[in-house]
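What follows is a short report on a single structure.
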Amino acid sequence: MKQRRFKFHQKEKDNNQEYINIELDTKCSCLQSKLNSHL
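111 is the number of the first residue of the sequence shown in the numbering used here; add one for each residue after it.
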């Protein structure tokens, strides 16, 4: 039972990491386009 719970949490963490990466990517592209428009 405990093992199963741990696996579930691990999966949650992975999903969060992926979400964070996507967030960062989005922010970066936003910044990039802002910079480009200023140039």
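Using N, Cα and C, we set each Cβ at its ideal position, and we do this for glycine too.
Original post:
For residue 149, which three-state DSSP category applies?
Top reply: Looking up residue 149 in the sequence shown gives position 39. Coil.
Original post:
Sorted by chain position, which residues of the same chain lie with C-beta nearer than 8 Å to residue 146's C-beta, five sequence neighbours on each side aside?
Top reply: Position 36 of the sequence shown holds residue 146. Once the five neighbours on either side are set aside, residue 146 has no close Cβ partner at all.
**OP:** Measure the C-alpha to C-alpha separation of residue 124 and residue 149 and round it to an integer number of angstroms.
**Re:** On the sequence shown, residue 124 is found 14 positions in, with the first residue counted as 1. On the sequence shown, residue 149 is found 39 positions in, with the first residue counted as 1. About 37 Å.
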